[in-house]
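The structure under discussion appears below in the form of C-alpha cells.
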Amino acid sequence: MEISGNIAWVFLGLVWTLIICPLGIKLFFLGRGTDRRRLQVLGTALTMFCLVVIWWVAVGYSWVFSDINEGFGWPFSKAFFLSIGISQKHGEIPEILFAGVIMMKVIVVVMMLGINLAHRMPILNWVLFVFLWLSMVLVPIARLIWNSPFSNFSLYDFSGGFLWLAAGISTLVVVIVTGGSAIRYSEQGYRLRTFLLGFAFIWLGLMILHALGSLKADASAVHAFMTTNFCACVGGLSWLIPEALKNGKASFEGIGNGFMAALISISFGAGYLTFEGALLCGLFSGLLSQYLIVYWAKALESEFSYYPFLLIVPPALVGALVTACFASPILGERSGFMYGSSELLISQIIGIVSVLSYSAILTLVLCLMVFPKARSPFLSLIMDR
Numbered sequence: 027m028e029i030s031g032n033i034a035w036v037f038l039g040l041v042w043t044l045i046i047c048p049l050g051i052k053l054f055f056l057g058r059g060t061d062r063r064r065l066q067v068l069g070t071a072l073t074m075f076c077l078v079v080i081w082w083v084a085v086g087y088s089w090v091f092s093d094i095n096e097g098f099g100w101p102f103s104k105a106f107f108l109s110i111g112i113s114q115k116h117g118e119i120p121e122i123l124f125a126g127v128i129m130m131k132v133i134v135v136v137m138m139l140g141i142n143l144a145h146r147m148p149i150l151n152w153v154l155f156v157f158l159w160l161s162m163v164l165v166p167i168a169r170l171i172w173n174s175p176f177s178n179f180s181l182y183d184f185s186g187g188f189l190w191l192a193a194g195i196s197t198l199v200v201v202i203v204t205g206g207s208a209i210r211y212s213e214q215g216y217r218l219r220t221f222l223l224g225f226a227f228i229w230l231g232l233m234i235l236h237a238l239g240s241l242k243a244d245a246s247a248v249h250a251f252m253t254t255n256f257c258a259c260v261g262g263l264s265w266l267i268p269e270a271l272k273n274g275k276a277s278f279e280g281i282g283n284g285f286m287a288a289l290i291s292i293s294f295g296a297g298y299l300t301f302e303g304a305l306l307c308g309l310f311s312g313l314l315s316q317y318l319i320v321y322w323a324k325a326l327e328s329e330f331s332y333y334p335f336l337l338i339v340p341p342a343l344v345g346a347l348v349t350a351c352f353a354s355p356i357l358g359e360r361s362g363f364m365y366g367s368s369e370l371l372i373s374q375i376i377g378i379v380s381v382l383s384y385s386a387i388l389t390l391v392l393c394l395m396v397f398p399k400a401r402s403p404f405l406s407l408i409m410d411r
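Mapping of the sequence shown onto this note's numbering: residues 27 to 411, in sequence order.
This is the structure:
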C-alpha cells in the first residue's frame, strides 16, 4: 500500500495521542487525589485502558461501524477486524487506522469516567459495569455521531463531544446511586507539579486528537488544531480573571480547570466553528464551570465526587449549543442558527436531550444491576421494600 501524507499524519497523531492523553489524564487526577487514592488512580487508569482496547477490537468497532442497514443491533461482521483487509480504506486512510482514531476518543472519555468512579465499587463489579456501559450506552451514541442509521438525523459532532456528555451525566448518576464519599472539595489533596503536567499533556493530546477529526492532513485539521488551542487559552483566562478579581490572586488549579473545560467544549465544533465561535466556547465554558465549581461546590462544601460532573457536562452543553448556533457552512456541511438555518439548532437540542436522558436512565439501570447494594439510603430503601 502506498503511504500518503494523510496516512503518515493520522498514524503519527494517533501514536502521540495514545502516549500523551492517557498519561495526562492519570497525572491530572493524581495531582488532585488524596494520598490514599493515588495508587488507586494508577491501577484504575491502566485497567480502563486495557479494557477499552480489548472491547473495541473484539466487538466495539463492529457494533458501531458495521453495515448501516443492520440498524441499532450489535452485529459481529467486523469483530476482531476479521472482515477488514489490510488495503481496505475509510476515505483516504486504511480503515484499521480509522478504527484506531475512534478508539482513542473512546479511551479518553472512558478513562475520565473510570478514574473518578472506580473506588465506588469492587473492581470486578466495576469492570463489568464499564463493559456494559460501553456496550449499551456508548454504542448507540457513537453510531448517531459517525454511522447514523437514520437518513435524516445524526449528531453534528466533530470529535466526540456527545461522548463527553454521556460520560458526564453517567458520572453524576453513579455518584448518586452509590452514595457520596467522605471527601469534601476543600479537603481534596493537591500536588501542583503533577496537576500542571497532567493538564499540559491533556491540552496537547486533545489538540492533536481534535485535529485528527478530519482524517486528513489538510486545512480542516490545521483549523481544528488552532481553534482548540485558541479556545483552551480563552477558557483558562475566563476562569483566571474572575478568580483574581475576587481573591486578589489566581491559582494554577483554576487555570487548569478552565483549560480542561474549554477543551471539552470545543470538541463539538473544532472543525466547524470560526475563531469567533471558539472564543464563545472558551469564554462561556470557563465562566460557567468556574461559577459552578468555585461558588457552588466550594461555598456549599459539596463533596469532591461532583467535581468531574461539573467540569464535563456544563462545558459540553455550551459546546453543543455554540456549535448549533455558529457552525459555519464554509467549514462544514451544515449551517448554524446564526447563518439563517434553525435545523441544526433543533437537531442538536434533540440530541442533547436524548443523550442525557438515555445515558442517565441506562446508567441507573446498570448500576442497580451490577452493584445492587448501593450505599445511597434512598435507593437502598426502595430496593429493600
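A virtual CB, placed ideally from N, CA and C, is assigned to each residue, including glycine.
State the DSSP-derived secondary structure class of Pro-148, mapped to helix, strand or coil. Position 122 of the sequence shown, counted from the start, is the residue given in the question as residue 148. Note: Pro-148 maps to coil in three-state DSSP.
How many angstroms separate the CA atom of Cys-76 from the CA atom of Ile-372? To locate residue 76, count along the sequence shown from 1; it is residue 50. To locate residue 372, count along the sequence shown from 1; it is residue 346. So the two alpha carbons sit approximately 38 Å from each other.
On the three-state DSSP scale, how would you describe Ala-296? Locating residue 296 in the sequence shown gives position 270, where the first residue counts as 1. Ala-296 sits in coil when the DSSP states are folded into three classes, being neither helix nor strand.
With DSSP as the reference, label Ala-84 as helix, strand or coil. Here the question's residue 84 lines up with position 58 in the sequence shown. Residue state, collapsed to three classes: helix.
Counting along the chain, where does the alpha helix (DSSP H) carrying Trp-42 start and finish? As a working mapping, residue 42 is identified with position 16 in the sequence shown. Segment 31-56, the alpha helix (DSSP H) holding Trp-42.
Reduced DSSP secondary structure (H/G/I, E/B, other) of Ala-353: Here residue 353 refers to the residue found at position 327 of the sequence shown. If DSSP states are grouped into helix, strand and coil, Ala-353 belongs with the strands.
By how many angstroms is the C-alpha of Asp-183 removed from the C-alpha of Ser-293? On the sequence shown, residue 293 is found 267 positions in, with the first residue counted as 1. On the sequence shown, residue 183 is found 157 positions in, with the first residue counted as 1. Cα to Cα, the separation comes out at about 7 Å.
Reference Gln-316; option with closest CA among Gly-274, Ala-296, Pro-268: Within the sequence shown, residue 316 is the residue found at index 290, counting from 1. When only C-alpha atoms are compared, the closest one is Pro-268.
With a Cβ-Cβ cutoff of 8 Å, do Leu-347 and Leu-336 count as a contact? In the sequence shown, the residue the question calls residue 347 occupies position 321. In the sequence shown, the residue the question calls residue 336 occupies position 310. In this structure, Leu-336 does not lie closer than 8 Å to Leu-347 by Cβ.
Quick check on the burial criterion: 16 or more other C-beta atoms within 10 angstroms. Buried or exposed for Ser-291? By one-based count along the sequence shown, residue 291 stands at place 265. It counts as buried.
Assigned exposure category for Pro-148 - 16 Cβ within 10 Å defines buried: The residue given as residue 148 occupies position 122 in the sequence shown. Pro-148 comes out exposed.
Count the other CB atoms within 10 Å of the CB of Ile-338; is the residue buried (16 or more) or exposed (fewer)? Position 312 of the sequence shown holds residue 338. Classification for Ile-338: buried.
If you follow the alpha helix (DSSP H) that Asn-273 is part of, which residue opens it and which one closes it? In the sequence shown, residue 273 corresponds to position 247, counting from 1. First-last of the alpha helix (DSSP H) with Asn-273: 245-273.
For Gly-282, collect the residues of the same chain with a Cβ closer than 7 Å to its Cβ; drop the 5 residues on either side in sequence, then sort them by chain order. Taking the sequence shown and counting its residues from 1, one reaches residue 282 at position 256. Answer for Gly-282: Phe-221, Leu-222, Phe-225, listed in chain order.
Which of the three DSSP states, helix, strand or coil, is assigned to Lys-131? Locating residue 131 in the sequence shown gives position 105, counting from the first residue. Helix, per DSSP.
Using a Cβ-Cβ cut-off of 6 Å (strictly less than) and excluding sequence neighbours within five positions of Trp-152, which residues of its own chain qualify? Translated into positions along the sequence shown, residue 152 becomes position 126. Hits under 6 Å: Ala-144.
Reduced DSSP secondary structure (H/G/I, E/B, other) of Ile-119: Here residue 119 refers to the residue found at position 93 when the sequence shown is read from its first residue. DSSP places Ile-119 in strand when its eight states are reduced to three.
Nearest residue (CA-CA) to Ser-174, options Leu-382, Pro-398, Ala-386, Gly-377: The residue given as residue 174 occupies position 148 in the sequence shown. Of Leu-382, Pro-398, Ala-386, Gly-377, the residue nearest in Cα terms is Gly-377.
Which residue marks the beginning of the alpha helix (DSSP H) containing Ser-110, and which one marks its end? To locate residue 110, count along the sequence shown from 1; it is residue 84. Note that residue 110 is Ile in the sequence shown here, rather than Ser. Segment: none, Ile-110 is in no alpha helix (DSSP H) and carries neither H nor E.
Distance, Cα to Cα, Glu-213 vs Gly-308? Taking the sequence shown and counting its residues from 1, the one referred to as residue 213 is at position 187. Taking the sequence shown and counting its residues from 1, the one referred to as residue 308 is at position 282. Confidence in Glu-213 is poor, its pLDDT being 49 and thus under 50, which makes the residue's placement too unreliable to answer from.
Could you say if the stretch 116-133 and the stretch 71-86 meet the contact criterion of at least three C-beta pairs nearer than 8 Å? Yes, since at least three Cβ pairs between the stretch 116-133 and the stretch 71-86 fall closer than 8 Å, the two stretches touch.
Taking the alpha-carbon positions, what's the Lys-104 to Leu-160 distance? In the sequence shown, the residue the question calls residue 104 occupies position 78. In the sequence shown, the residue the question calls residue 160 occupies position 134. Computed Cα separation, rounded: 17 Å.
Can you find the residues in the same chain that come closer than 7 Å, C-beta to C-beta, to Arg-360, ignoring five residues on each side of it along the sequence? Against the sequence shown, residue 360 aligns to sequence position 334. Correct list, in chain order: Tyr-182, Ala-353, Leu-370.
From Met-74, Val-67, Ala-71, His-116, pick the residue whose C-alpha is nearest to that of Phe-91; which is it? Counting from one through the sequence shown, the residue named residue 91 turns up at place 65. The alpha carbon of Phe-91 has as its nearest neighbour, out of Met-74, Val-67, Ala-71, His-116, the alpha carbon of His-116.
Would you report the Cα separation of Gly-186 and Ser-180, rounded to the nearest angstrom? As a first step, residue 186 is located in the sequence shown; it is residue number 160 there, counting from the start. As a first step, residue 180 is located in the sequence shown; it is residue number 154 there, counting from the start. Rounded to whole angstroms, Gly-186 to Ser-180 spans 13 Å at the Cα level.
By DSSP, does Ser-277 sit in helix, in strand, or in coil? As a first step, residue 277 is located in the sequence shown; it is residue number 251 there, counting from the start. In this structure, Ser-277 counts as coil in the three-state DSSP scheme.
Where Asn-142 falls: helix, strand or coil (DSSP): Counted from its first residue, the sequence shown places residue 142 at position 116. Residue state, collapsed to three classes: helix.
Give a yes or no on whether 8 Å exceeds the smallest Cβ distance from Ser-113 to chain B. In summary, chain B is missing from the structure at hand, where a single protein chain is found.
Rounded to whole angstroms, what is the Cα-Cα separation between Glu-302 and Tyr-384? Within the sequence shown, numbered from 1, the residue matching residue 302 stands at position 276. Within the sequence shown, numbered from 1, the residue matching residue 384 stands at position 358. Here the alpha carbons of Tyr-384 and Glu-302 stand approximately 32 Å from one another.
Out of curiosity, what's the CA-to-CA distance linking Ser-50 and Ala-243? In the sequence shown, counting from the first residue as 1, residue 50 sits at position 24. In the sequence shown, counting from the first residue as 1, residue 243 sits at position 217. According to the sequence displayed, residue 50 carries Gly and not Ser. Roughly 25 Å between the two C-alpha positions.
Within a Cβ cutoff of 7 Å, which residues of the same chain sit near Ala-208, ignoring the five residues on either side of it in sequence? Within the sequence shown, the letter at position 182 stands for residue 208. Residue placement at Ala-208 is flagged as unreliable, the pLDDT there being 49, under the threshold of 50; a coordinate-derived value is accordingly withheld.
If Pro-341 and Ser-311 are in contact, beta carbons under 8 Å, what's the gap, nearest whole angstrom? Taking the sequence shown and counting its residues from 1, the one referred to as residue 341 is at position 315. Taking the sequence shown and counting its residues from 1, the one referred to as residue 311 is at position 285. About 4 Å; that satisfies the 8 Å criterion.
Under 8 Å between C-beta atoms of His-236 and Ala-250: Taking the first residue of the sequence shown as 1, we reach residue 236 at position 210. Taking the first residue of the sequence shown as 1, we reach residue 250 at position 224. Yes, they are a contact pair.
Of all the options Asn-255, Tyr-87, Ser-113, which has the alpha carbon lying nearest to the alpha carbon of Pro-101? The residue labelled residue 101 in the question sits at position 75 within the sequence shown. Checked all of Asn-255, Tyr-87, Ser-113; the closest Cα to Pro-101 is Tyr-87.
Inter-residue CB distance, Met-137 and Ile-228 (contact presumed, cutoff 8 Å): Counting from 1 along the sequence shown, the entry for residue 137 is found at position 111. Counting from 1 along the sequence shown, the entry for residue 228 is found at position 202. Approximately 11 Å separates the beta-carbon atoms of Met-137 and Ile-228; this is outside 8 Å, ruling out the contact.
Ordered along the chain, which non-local residues of its own chain (more than five positions away) have a Cβ less than 8 Å from that of Trp-172? Within the sequence shown, residue 172 is the residue found at index 146, counting from 1. Taking Trp-172 as the centre and dropping the five residues before and after it, the same chain places the C-beta of Val-90, Phe-91, Ile-128 closer than 8 Å to its C-beta, in chain order.
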